[in-house]
Every structure is written in C-alpha cells, then in structure tokens.
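**Q** A single structure is presented below for examination.
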Amino acid sequence: MAKINDFIKLAQNMEIRGIEFYEKAFKLAQVEEVRETFRFLIEEEKEHVRFFEKLLEKDWDVEISAESSRYLKGIFDFPFLGEKELEEVSRYTREKEALELAAQAEKDAILFYQELSNVILDEKLKDAIGKIIEEEKMHLVAIRERIYELLSD
1 MAKINDFIKL AQNMEIRGIE FYEKAFKLAQ VEEVRETFRF LIEEEKEHVR FFEKLLEKDW
61 DVEISAESSR YLKGIFDFPF LGEKELEEVS RYTREKEALE LAAQAEKDAI LFYQELSNVI
121 LDEKLKDAIG KIIEEEKMHL VAIRERIYEL LSD
C-alpha cells in the first residue's frame with residue numbers, strides 16, 4: 001500500500017518536470033513579457049521543489065487506500081509535461097502555444113494536489129498542500145493573463 005511520502009515524491013518530480021519545461025519555453029520565447037512569465041514560473045517551481053524536500057524530511061507514515069492510491073497515480077500518470085510536451089515546446093514558434101501547454105500543466109497540478117489533499121488527515125500537511133494549490137492557481141492566472149495580452153496585441 002502506498003504512503004503519503006510516495007505521493008510527496010511524485011509531487012516533487014512533477015515540479016522538477018515543470019522547471020524543465022519552463023526553462024525550455026523561456027529559451028524559446030521571443031516576447032519579453034512571456035520570457036518574464038516563464039522566468040517567474042521557473043523560480044516558483046524551484047521553491048516548490050524545496051518545499052517538498054522539506055516535507056520529505058519527515059516520514060509521513062500514513063498509508064493511502066488502494067482506491068485513492070490508484071486514482072492519484074492515474075492523475076499523475078497523465079502526461080504532465082512529459083517528453084512529448086517538452087519536444088512540442090521546441091517546435092512552437094509562437095509563445096501562445098507554449099503558454100497554453102503551461103496552463104494545462106498547472107491545471108493538472110492543481111487537480112493532483114487537490115486530490116492528494118483530500119486523502120491527507122494531518123492538518124499541518126493538508127494546510128501546506130493547500131498553500132501549494134493556491135500558488136498553482138496564481139500561476140494559472142498569470143499564464144492566462146499573458147495569453148490574453150498576446151491575443152490583444
């Protein structure tokens with residue numbers, strides 16, 4: 001049976017993949033405002049990696065039911081900024097497509113963290129994951145605002 005720590009490690013891996021994606025998108029972006037958005041997201045995701053490293057210092061020795069575990073793994077196994085997405089960003093010449101991929105990745109992360117929070121009983125850990133959810137929502141807002149600005153030009 002899976003434990004909370006297993007999913008904290010998955011979350012950390014998800015953030016690392018986000019950094020890789022945003023770094024690649026940053027290098028390819030030509031519009032300065034878009035580059036700034038990706039630079040911001042890189043730093044935010046690095047903070048999240050450090051956050052999960054700190055969480056992993058404690059052994060959250062709590063098992064998750066097989067059903068919840070399967071559901072969480074199913075969300076995570078969905079290609080969240082996988083190799084295909086990293087390849088695609090290099091083919092994009094327009095920032096809008098890279099931003100749309102980023103928006104979908106943030107939505108996937110929000111769903112994963114919300115569902116993870118639903119199976120956590122420890123209130124401190126639940127609150128900590130709740131803060132990450134709020135930050136991911138703000139990332140989505142920032143990305144959507146940048147897409148809107150690009151469409152308005």
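In full-length UniProt numbering, the protein residues as written are 1 to 153. Think of the CB as a built atom: it goes at the ideal place given N, C-alpha and C, for glycine as much as any other residue. Computed from a predicted model, the values in this text were never measured in an experiment.
Looking at leucine 56: is its Cβ nearer than 7 Å to the Cβ of isoleucine 8?
**A** Cβ distance < 7 Å, so leucine 56 and isoleucine 8 count as in contact.
**Q** Whole angstroms are fine: how far does the CA of arginine 146 sit from the CA of glutamate 134?
**A** Spanning the two alpha carbons is a distance of roughly 19 Å.
**Q** Measuring alpha carbon to alpha carbon, tell me which of Lys46, Ala109, Arg39, Val31 ends up nearest isoleucine 16.
**A** Selected option, being the one with the closest Cα: Lys46.
**Q** Along the chain, where does the alpha helix (DSSP H) containing isoleucine 120 start, and where does it finish?
**A** No alpha helix (DSSP H) contains isoleucine 120, which DSSP labels as neither H nor E.
**Q** Output the boundary residues of the alpha helix (DSSP H) element that contains arginine 94.
**A** Per DSSP, arginine 94 belongs to no alpha helix (DSSP H) and is neither H nor E.
**Q** For the alpha helix (DSSP H) containing alanine 29, list its first residue and its last residue.
**A** From DSSP, alanine 29 is part of no alpha helix (DSSP H); its letter is neither H nor E.
**Q** Residues in the same chain with beta-carbon distance under 8 Å from alanine 103, minus the five sequence neighbours each way, listed in chain order, please.
**A** The answer, listed in chain order, is Leu140, Ile143, Arg144, Ile147.
**Q** Taking only the alpha-carbon atoms, compute the straight-line gap between valine 31 and aspartate 108 and give it to the nearest angstrom.
**A** Answer to the nearest angstrom: the Cα atoms are 26 Å apart.
**Q** Take the Cβ of lysine 58 as the centre, count every other Cβ of all protein chains shown within 10 Å, and call the residue buried at 16 or more, exposed below.
**A** Per the 10 Å Cβ criterion, exposed.
**Q** Less than 7 Å between the beta carbons of alanine 29 and glutamate 106, yes or no?
**A** No, they are not a contact pair.
**Q** Nearest-angstrom Cα distance between lysine 3 and aspartate 61?
**A** Taking the straight line joining both Cα atoms gives about 6 Å.
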